[in-house]
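Residue numbers (our numbering): 4 to 1250.
We put the beta carbon where it would ideally sit given N, CA and C, even for glycine.
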């Protein structure tokens, strides 16, 4: 009736109505205009931040987990995998939970970050509903280890939230678990080693419908009290810290016995009186409790204007507009009760204004739960992270980006020394312009929220802070300042030497401290064959499964891995230990002219005389075996003690060596070298000691200059250092010669820091070292600057460049080094190029080009890989199974990176010669292997096979090192990083009509090597176009694009050629010695030839060798591979080829370094094997005589054995019953045991 009357009235008084409507329109328009001109407080950046993923997200936790300076976010998700959003900079995130190892699927409701072991890296606690809570310890490399069981952290209650503080003041962060309708749990941290459930002992039992919680110092007594909120109209609980590790519940006494359907809770000093106030979210009107200044509280929400009513969950206090007053943001489940989120602006007078009304970004009408704040774009104001459900009608996890343009800020990152390292519980008070602001660092607040642990303050118009006072959790008080505004400052707790700076810095140690900066000598290591817990290592060799020779070879490899990464030195160590082992084995052979002959023992090698009185024959087979084991053990033990005495990880080596001797039952205090007492055990041990004494003496005069730590005595480089952190190569005056590198820090391939950031050329004079199977006929002697260089198997002169000559790709120098850059573009899996890396599609079984002309057809410049003329790559059939090899399609960008890393120094950095010993051991462990010398005859006993195999392989690796490094020292040839940067400095050499032409520059290749133009990005051409017309290359972008190696990939893209990097870590870059010829190529081919001859088969046992590679785990200096794969080889030569080619993808060698090295290795490997065979099996020295084939059927078999037995004991002569002379293998005139043993050594071997 009223509306109808009004309508009629308007009809009768049209002019009045029109004027009223006009006024109304003006009023509405004005308000809309004012609303449009209101500043935008926040924008929704979820999509651009790449975080709005689907899922039942419930909690948000903020921390910089990888130490790159950008705060990251962990999202706890119900009924699905949790997410870890890594901030890559400027609020752009990558989801990395799986690769980091924290993609928990335990129905998660809560999460928080804290440094539970005080190692300087935030660890992650995850709260799960009716599933085990999880504790993930930060490894410091972007990955985590699940330590739940080890740390006794797996509470399995209906967890709703997690909260952390050092409640007992012992310097270690404890955790309180809020469970719904079940016992809450207090977990006390026991010195960072484990947790103890102390719920009842601490007096914090609560079995209500727990939801949220906060640790805070309510009464300013210096310890952390605990407030727990309840749902279901239950009374909340307040546990006051008694200061002795216990709490008393007294919510009634302090006025916090609030009853409702409460969820979140957070604290702040809203009236700046130095006492923390408390806000609770509730399904009913939420409540704000003002601290009365004595630890008691008064409810003021209604008068303050913050009595929100809705399905309220998370809340957070923060100063969003930097006006130095606390503001409040709360989130609601809009689907449950249609109430919007709310942002309240603090006025500084205990009142607040609602500023989010009508703002769809802040009202955010979705199902929001956990809430946390952090400065995700590092612009000084705080942004918001909201755990929002993601579904067809819900947007997923959300980030609201703060758009504030006013005020100044200051921020502090605290680090405890006596206190817990995260400084949780510390109070920070700042003084500026006569004002004081205080904040306390809390861990886990609101509901299922864990905000940044940085102390953040808005300063309004103030541009500086006069002073900062900190009350540390330990009770220490410190003052600092003044400080300028708009910066983050790091403050270390004073008054104590930071305990975390000292500790064990060795990753292999049982007590490795990831945070330690200086090794204090405290490292402890496990004994041989066991882990740090005392459990046996999986698949570790023991005497029950392997020979004692294998055990000492493994010990030697541990020594190599624990020493400086020096391939030549360790090839020599491997050889000398293998030769000593062989001599110990041969010394106990039954004396015979046709039996095995020692190498050094009783002989003269390189002018060194090693006296020896042959041992008394031991006829009993088991006694002889035991004597051999004892001798080679004592000899190996003492030789390794000497050779590794200056190793950087000496303690690891000593622990292994001592414990291995103890496990074998040998007395390390036995030092006698008298091996002729007649006591077998004594003599066997003494012979080992004697052998070690002789090999040590031999090594001190063999030309290696061991006594001066293998230094060069006359070689000097001709180029000045290439400074890797600066573009170009202005210090290279001789572009064909090697150039030292200058790094900010040098760390070798074994992880050892070098004192010299510009390492010297390693072993430039290694041609002076005494070889095994090479002799003077293999040498050429060259002279330079008055010094002689002895070169074994001298390679042809490598391709050179004339700086004054114009040339393009037809120049082999340019072609080879450009190919290295081209192959660098293969190192990115995102290019989606697929390769079949199965033996059926790859492998040329050792084909080698003979010269550079053939090499151009062999190395596929742009696509990668190799091709032989008229030969299809691969092996169609596995000869051992008769079946085709199964195809394995992988991303080229994955396998090329894996190859570069796998073959660099071996998976465990045992250097290339050590890597081939691990491959020999791998072959020996295969069930399909038959231990028949050259694949013929009877199977050899395990000890004999290992000793002889190591003897041959060791000699080959030592000779390969001498040959390769003698060539390196003489030719002194340039590495790709020097050559590419030097040519880039010259310009381009393809077209004189184009800019930046120089005949010695890089040749242009469309799409791969081009000139920078104005169309290129500013990053390439420079902000002032200062790099215009320089040369750019499509290549791996280098270490500058890797912040956290476990998570980042540098990828491939256009970079300036004068900043080209090999695919190596920035602390290594390129090995410190010349390139020509490749040591990898020489080692690998020599080893392949030994394996072919040793086993009598060019194929791996069973027709295939393999190495599994796990996705996101294998690569060291960047993330990868992106998918699981398996390296596979049909033949030993295929593996050798792959090792050699890996150095091109690694940016270490051009093709001209590779194939000549493999050609040398082929000769060296065969010669070393044949000489080892001549020592071990003298009857096989002259294959034309076929000794032992008495009936001339071209094989030593049963008929020959029967013929010898018929004449056993007979003399050789002209009598009627005399034995034929051919049966007298040792030429002593009688057919006896010596002849029988000689025949047995070659039994079954064809002629």
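For residue 1118, three-class secondary structure by DSSP
coil
Short of 7 Å in beta carbon distance, which residues of its chain neighbour residue 732, apart from the five on each side in sequence? Order them along the chain.
725, 981, 984, 985 and 988
One question on the structure: do residue 958 and residue 1195 come within less than 8 Å of each other, judged by their Cβ atoms?
no
Residue environment, residue 36, which counts as buried when at least 16 other CB atoms sit within 10 Å
Reliability of the predicted coordinates at residue 36 is poor, the pLDDT of 39 falling under 50, and the value obtained from them is presented with this limitation in mind. Residue 36 is exposed by the Cβ-count criterion.
Going by other Cβ atoms of all chains shown within 10 Å of its Cβ, with 16 needed for buried, is residue 1336 buried or exposed?
Because the chain is modelled from 4 through 1250, residue 1336 falls outside the range shown and cannot be assessed.
Is residue 1032 near residue 1014, with beta carbons less than 8 Å apart?
yes
Starting from the Cα of residue 362, find the closest Cα among 651, 59, 1200 and 46 and give me that residue.
46
Looking only at its own chain, which residues have a Cβ that is under 8 Å from the Cβ of residue 260, when we skip the five neighbours before and after it?
238, 239, 241 and 254
Could you check where the alpha helix (DSSP H) with residue 575 kicks off and where it finishes?
570-590
Could you give the first and the last residue of the continuous alpha helix (DSSP H) run that contains residue 697?
683-702
So residue 531 and residue 558 are supposed to be a Cβ contact under 8 Å. How far apart are they, rounded?
7 Å
Would you please state the rounded distance, in angstroms, between the beta carbons of residue 796 and residue 966? I believe it to be under 8 Å.
5 Å
In terms of residue numbering, what span does the beta strand (DSSP E) encompassing residue 77 cover?
75-81
Rounded distance between the beta-carbons of residue 496 and residue 584, thought under 8 Å:
Not quite, the Cβ-Cβ distance comes to about 55 Å (not below 8 Å), so this is no contact.
Which residues in the same chain have their Cβ closer than 7 Å to the Cβ of residue 71, if we skip the five residues on either side of it in sequence?
1046 and 1047
Please classify residue 987: does DSSP put it in a helix, a strand, or coil?
helix
Assuming contact is defined by CB atoms lying nearer than 8 Å, are residue 165 and residue 461 in contact in what I supplied?
no
Rounded to whole angstroms, what's the CA-CA distance from residue 385 to residue 404? Just pull it up for me.
8 Å
State buried or exposed for residue 717, treating a residue as buried only when at least 16 other CB atoms are found within 10 Å of its CB.
exposed
Helix, strand or coil, according to DSSP, for residue 1235 in the structure here?
coil
What does a CB cutoff of less than 7 Å around residue 514 pick up in its chain, not counting 5 residues either side in sequence?
507, 525, 526 and 527
Determine whether the beta carbon atoms of residue 1099 and residue 1199 lie at a separation below 8 Å.
no
Under 8 Å, do residue 428 and residue 463 count as touching if we go by C-beta distance?
no
I believe residue 701 touches residue 603 by the beta-carbon criterion, under 8 Å. Please report the beta-carbon distance rounded to the nearest angstrom.
6 Å
Where residue 1058 sits in the DSSP three-state scheme
strand
Leaving out five residues on either side along the sequence, give the residues of the same chain with a beta carbon under 8 Å from the beta carbon of residue 1215.
1221, 1222, 1223, 1224, 1226, 1227, 1232, 1233 and 1234
Could you check if residue 614 is buried or exposed, using at least 16 other CB atoms within 10 Å of its CB as the buried criterion?
exposed
In this structure, does DSSP put residue 68 in helix, strand or coil?
coil
Name the two residues that bound the continuous alpha helix (DSSP H) containing residue 434.
It is not in any alpha helix (DSSP H) - residue 434 instead sits in the beta strand (DSSP E) that spans 430-435.
Taking C-beta to C-beta, are residue 1241 and residue 595 nearer than 8 Å?
yes
Less than 8 Å between the CB atoms is what I'm expecting for residue 52 and residue 389, so what's the real figure, rounded?
Contact doesn't hold; Cβ gap of about 12 Å is too wide.
Residue environment, residue 899, which counts as buried when at least 16 other CB atoms sit within 10 Å
buried
Is the number of C-beta pairs between the stretch 987-1001 and the stretch 1152-1172 that are closer than 8 Å three or more?
no
In this structure, does DSSP put residue 443 in helix, strand or coil?
strand
Using the three-state DSSP reduction, which class does residue 1092 fall into: helix, strand or coil?
helix
Residue 292, DSSP secondary structure in three states:
strand
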